[in-house]
Structures are given as C-alpha cells and as structure tokens.
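Numbering (this note's numbering), first residue to last: 85 to 521. Worksheet for the structure shown next.
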Amino acid sequence: MNTSVSDRTATGAAAPAPVVATAPARPDAAAWPDVARGPRASALRTGVTRRIVQRALAALPLRVLYGDAPVTGDEGPLLRVHDPEAFFGRIGADGLIGFGESYMAGEWDADDLVGVLTVLASRLTSLVPRPLQSLRGVWTRRRPGAQRNTLDGARQNIHRHYDLSNGLFALFLDRSMTYSSAVFRRRPAAWDDLPDAQHRKIDRLLDLAGVGEGTRLLEIGTGWGELALRAAARGARVVSVTLSQEQRELAVERIARAGHADRVSVELCDYRQVTGVYDAVVSVEMIEAVGEEYWPVYFEALARLVAPGGRIALQAITMPDARMRATRTTYTWIHKYIFPGGIVPSAEAIDRCAASAGLRVRESDGYGGHYAETLRLWRERFTARSAEVAALGFDPVFRRMWEFYLAYSEAGFRAGYLDVRQLLLTPATPTQDGERR
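Below you can see the structure in the form of structure tokens.
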C-alpha cells in the first residue's frame, strides 16, 4: 500500500457522491482478530451491561432502535443497533473499545454518526451511574508496555499510523497535505476554504515563533512538509525531523519541487536525538504522540534546542486536566487502532512541564470549533472517496474504523471535551532573587 502521490491525487478532482462503507459479513480474522471473534463476555455480564447501557442511553437526547424493537426516546439522532446481543456483549467485555469494535463489525450504525457521538461525548463522565463508577477498572485496561514511547517504541507507534500510505492521506487532505487543525475565516466552511485555512494556521504559528529572513528554524514533526515550505519562502533555514519514512519521502519531493531543497533539510530523527541551537522551534500536534512519561523529556529538549531569547510555537490538542488525570493510564479504542502510545495533555500539564524545563507559556489561544470543522471536511471527503480508499487495498473494516475515528474526533471537539491551542513558549529569565519569570 505504498502509493506515490501525484499532484492530481493530492488536490483531488470533484469528489463523488458520499458512500458509506459497510463491514463484511465475516471480517478477516487475521487482519482484525478482535472484530472477527466477537464478544467474549459471559451471559451474566452481558445482561448487566444491557441494563446499564439501556438506562444510560434512555437518559440522553437520543433515539435508539434495538433490533426489531420499537424506537426508544423522543428526540435526538437515531442510534440503530442491528445486533443487540453482540453490541452489549462487546461493551460488557471491553467497554468503549468494544463499542468501537462493534461499529467496525457493523453491529450498530447511525445516520448522523457525529450527532450520536457528540451526545455521548458531552455526557461521558455521567453515562455510568456514580455508584458503579468505582467498578470502572472492570471495563478498562491499562496501556500495554509495548506502546511506550522509547526510541524504538516511538518509531513503531508512528509507523503504524503515518506510514499507512501517502495515497490514503492524499484522498482526504487538501492540496497542502496538512494533517492538523486549520484556522478558518468563516464557519461553516466549504472544502475550497481548507487550503487557505491551513496556510492561515501555519502562518500564525510562524508569526508566533518570529520566523523570517535568516531564522534558524527547527520543526519537530514534519508532516508532509507544508510548514517547512512556507518557512523557507520567508527566508528561514529549516531543519525538520520526523519518524515517518513515508512522510519524509513525500516532504523531500515536495520541497525539491518548490525549489527550497537548499533551505530545508528533512531528517529521519527522534526529537530526543536532535542537536544544535535554533532561533525558533515549531511543533504542530506532535506532543500528543510523546506520551505522558516523556513529556518532561520533550520540554527539556525544547529548552535545550532553543537559543537564548528564542521562541517556541506549539499547536496542541488538549483536554480538561481532571479528565486527563482520570484516564491517563487507560487503554482506549484510539490507542488500540489509531494512535498507539498517544495521550492528549491538558493545558495545565503543558504549563507544569514547561515550567519544570525552564520555559514559560507566554500566549495560549484555543479554537476547538475550528478543529471540529476541519474534521468534518476530512470525514466527508474520506467517505465520499470510499471507492478510491478501497482501490488502495483498504478493506471495509478499515474504512469503517477510519469513519469512526474521524467522527469520534469531531464529536470530541463539538462537545467541548477536546480543544486545540496555539502556544508561545520562551525561556524563562532569572530575576534578581533567582526566580525565573
């Protein structure tokens, strides 16, 4: 599935009408063992789960159809459970991982998937009755040690997501090949607004970092090279590091085609192994892949690599601090299938880690609604080009998995459970009494 990307593929012609991927009757057991195997909960546990889940859903602004039974609820989007026994069995066995796997298996559906998931996300902490929340550990698992972001582990974790296929990402990203939140001039946005909105986001970060003629810029997390291209066009000299071989190959190709190969170096390198000193450091939505265990190391690297008086601009997805603390060790559907080893920090965690490394957050601007809009455009594009995704070799379970991932993420921002922030950090300066300001 290593597919090269032409300009036509990256920009995309007019998208075909939306096609919703359907799961196969029998998922490939070798590729999707837990989806194919089905629920593993006992009849007792499935029955208890059924009562808890039905009661929780009945309290929400949702309509629910369980098999052939009448629709329950009077308002809200419709959640259609095709196989109630499997649906409750998976949730009983694996909680929210089972909920996601049940969607991948085609056991439930929704005409408005984002609407259903937004209702759930907005009430996530209250879905389970308080007396039963102490039993949360029964349904949750701890993150596997194999997903720790050691030097080897980080390479494997990045490989699993970002090296899927450049062709896959080109099908739903805009021509800038930018895989992070845009900043729109207006909302709701149209597809044609996305390239400008991505450039607006990048330019705001470069302005925040003070990037201009002659700036020595380090970018941690290359993506497909668009930020490095725009920095080079300003006259900066850029070193960009990535752990994705696929991304590096296309970024190098795009940079050479734009005539900036003399100004930009893209290196396959872990941020912990970068050397040198830079006037500015920019990192876009990379901290989410670092892992809580390594946040102090990440901020120490930022402090080590930025010159005195230099500036660091970050774009980071965040969640509320209390929620982050409550779920920091939980193994989720996202970890299992989309972003192994990742964790979304809180703004407070960023402040704490930055301060410990001798850095200070000078500016912090949140705009989560823009990410919801970015994800909507990606999701609609991905769904509309389902046949082309299939032509790259991705089966129906994969397509449903990615539909769920994009909708799940969009719902998190629409519900306010997630936010995205642009932050300016600078080295703290010592005062006369020895404190750092």
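The beta carbon of each residue, even a glycine, is placed where N, CA and C say it ideally should be.
query	result
Can you tell which of 161, 501, 111 and 419 has its C-alpha closest to the C-alpha of residue 121?	111
Would you kindly report the start and end of the unbroken beta strand (DSSP E) that includes residue 394?	390-402
Contact between the region 490-504 and the region 434-441 is defined here as three or more beta-carbon pairs at a separation below 8 Å; is this criterion met?	no
When the Cα atoms are used, what is the spatial distance from residue 150 to residue 168?	6 Å
Can you tell me which of 329, 296 and 339 puts its alpha carbon nearest to the alpha carbon of residue 354?	329
Keeping to the same chain, check which residues put their C-beta closer than 7 Å to that of residue 105; ignore five residues upstream and five downstream.	Note that residue 105 has pLDDT 49, beneath the 50 cutoff, so the model's placement of it is unreliable and no number is given.
Going by the beta-carbon positions, is the gap between residue 462 and residue 184 smaller than 8 Å?	no
Once the 5 residues before and after residue 215 are set aside, which same chain residues still bring their CB inside 8 Å of it?	Model confidence at residue 215 stands at a pLDDT of 49, short of 50, so the residue's coordinates are unreliable; what they give is reported in the following sentence. Excluding residues within five positions, none has a Cβ falling inside 8 Å.
Is residue 215 helix, strand or coil by DSSP?	Here residue 215 scores only 49 on pLDDT, less than 50, and its place in the model is too uncertain to base an answer on.
Using three-state DSSP, classify residue 362 as helix, strand or coil.	strand
Out of 180, 165 and 494, state which residue places its alpha-carbon closest to the alpha-carbon of residue 193.	165
Which of the three DSSP states is assigned to residue 427 in this structure?	coil
Distance, Cα to Cα, residue 245 vs residue 426?	11 Å
Quick one: what's residue 503 bridged to in DSSP?	402
Specify the secondary structure class of residue 275 as computed by DSSP and reduced to three states.	helix
With a threshold of 16 other CB atoms inside 10 Å of the CB of residue 359, please say whether the residue is buried or exposed.	exposed
What distance in whole Å lies between the Cβ atoms of residue 395 and residue 320, which are believed to be in contact at a cut-off of 8 Å?	Rounded, the Cβ-Cβ distance is 13 Å, inconsistent with contact.
On the three-state DSSP scale, how would you describe residue 226?	strand
Nearest to residue 160 by CA position, among 203, 296, 467 and 410, is which residue?	203
What span of residues does the alpha helix (DSSP H) with residue 175 cover, start to end?	168-188
Count the other CB atoms within 10 Å of the CB of residue 452; is the residue buried (16 or more) or exposed (fewer)?	buried
Label residue 457 either buried or exposed according to how many other C-beta atoms from any shown protein chain fall within 10 Å of its C-beta, with 16 as the threshold for buried.	buried
If you count every other CB in all the chains shown that lies within 10 Å of the CB of residue 430, and 16 or more means buried, which is it?	buried
Going by DSSP, what residue range makes up the beta strand (DSSP E) through residue 254?	It is not in any beta strand (DSSP E) - residue 254 instead sits in the alpha helix (DSSP H) that spans 250-256.
For residue 252, which of 476, 227 and 389 has the nearest alpha-carbon?	476
Does the separation of the CB atoms of residue 325 and residue 306 fall below 8 Å?	yes
For residue 232 and residue 375, which I take to be in contact (beta-carbon distance under 8 Å), what is that distance rounded to the nearest angstrom?	7 Å
Going by beta carbon distance, what residues of the same chain come within less than 6 Å of residue 363, once the five residues before and after it are set aside?	299, 300, 391 and 394
If you compare alpha carbons, which of 411, 464, 415 and 510 is closest to residue 447?	510
Please list, in chain order, all residues of the same chain as residue 408 whose beta carbon is under 6 Å from its beta carbon, the five residues on each side excluded.	430
Mind reading off the beta-carbon distance from residue 332 to residue 302? Whole number of angstroms is fine, and I expect it under 8 Å.	Not quite, the Cβ-Cβ distance comes to about 16 Å (not below 8 Å), so this is no contact.
Taking all protein chains shown into account, do 16 or more other C-beta atoms lie within 10 angstroms of the C-beta of residue 130, making it buried, or fewer, making it exposed?	buried
Just to confirm my understanding: we take residue 286, look at its own chain, exclude 5 residues before and 5 after, and list those with CB closer than 6 Å. What are they?	311 and 314
Compute the distance between the beta-carbons of residue 309 and residue 338, then report whether it is under 8 Å.	yes
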